[in-house]
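**Q** Here it is, the structure in full.
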Amino acid sequence: SEVDFLLSQSAYSNNWAGSEFGSLNWQLNSNSVAEKKLFSKIFNKNTLKLAIGYTYAQMGHLDSADYYFRAIKVKNPGLYGKIGLIYNEVGDFDRAIEFFQRALTMNARIPEVYIGLVAAHLGKGDTNSASGILNEWVKINPQDTSAINLMRRLKKGR
20 SEVDFLLSQS AYSNNWAGSE FGSLNWQLNS NSVAEKKLFS KIFNKNTLKL
70 AIGYTYAQMG HLDSADYYFR AIKVKNPGLY GKIGLIYNEV GDFDRAIEFF
120 QRALTMNARI PEVYIGLVAA HLGKGDTNSA SGILNEWVKI NPQDTSAINL
170 MRRLKKGR
């Protein structure tokens, strides 16, 4: 941590006799660095594990990705939702469903988790489970017309 503080005062008169006309200047500078606090908030071990796991998932090394994802120790539904979305992206729907379910047990009001869970079940071809999840979401958020419309389309497609 570094802190600089500068306070200066100066007086000036352009009259050689030193009359009352002149100027008085104050200057205050402060420089501080909070590198340690910012750095630990932005780049912590969990976000690093998430990034490494995501890289492995993109490369198709899903077991290595899973190792890093499971090493994340924080209980955060948003983070579990992100992991579920990563698994959806690479087509590993069973693992996606597992992480989405973890997120829902912690917070059942995250729309992105429901959307991801529906997409995972649809990716597996399981429209019954997808409809059931949409039904759960509509009970929580009855004004979500996009979820209601998707539920109707799934019922017609059966």
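All residue numbers for the sequence shown refer to this note's numbering, where the first residue is 20 and numbers rise by one. All C-beta atoms in this analysis are idealised placements derived from N, C-alpha and C, irrespective of residue type, glycine included.
1. Taking only the alpha-carbon atoms, compute the straight-line gap between A127 and M78 and give it to the nearest angstrom.
2. State buried or exposed for I159, treating a residue as buried only when at least 16 other CB atoms are found within 10 Å of its CB.
3. Looking at the unbroken alpha helix (DSSP H) that takes in K158, where does it start and where does it end?
4. Using three-state DSSP, classify N168 as helix, strand or coil.
5. What's the C-alpha gap between L98 and A122?
6. What span of residues does the alpha helix (DSSP H) with R121 cover, start to end?
7. Report yes if the C-beta distance between A13 and G135 is below 9 Å; otherwise report no.
8. Which of the three DSSP states, helix, strand or coil, is assigned to I129?
9. Report all residues from its chain with a CB closer than 8 Å to the CB of M170; omit the five preceding and five following residues, and keep chain order.
10. Quick check on the burial criterion: 16 or more other C-beta atoms within 10 angstroms. Buried or exposed for A139?
11. I'd like the span of the alpha helix (DSSP H) that includes Q77, first residue to last.
**A** In brief:
1. 31 Å
2. exposed
3. T146 to I159
4. helix
5. 8 Å
6. F112 to M125
7. There is no way to answer for residue 13, as the model of the chain reaches only from 20 to 177.
8. coil
9. S150, L153, N154 and V157
10. buried
11. K64 to M78
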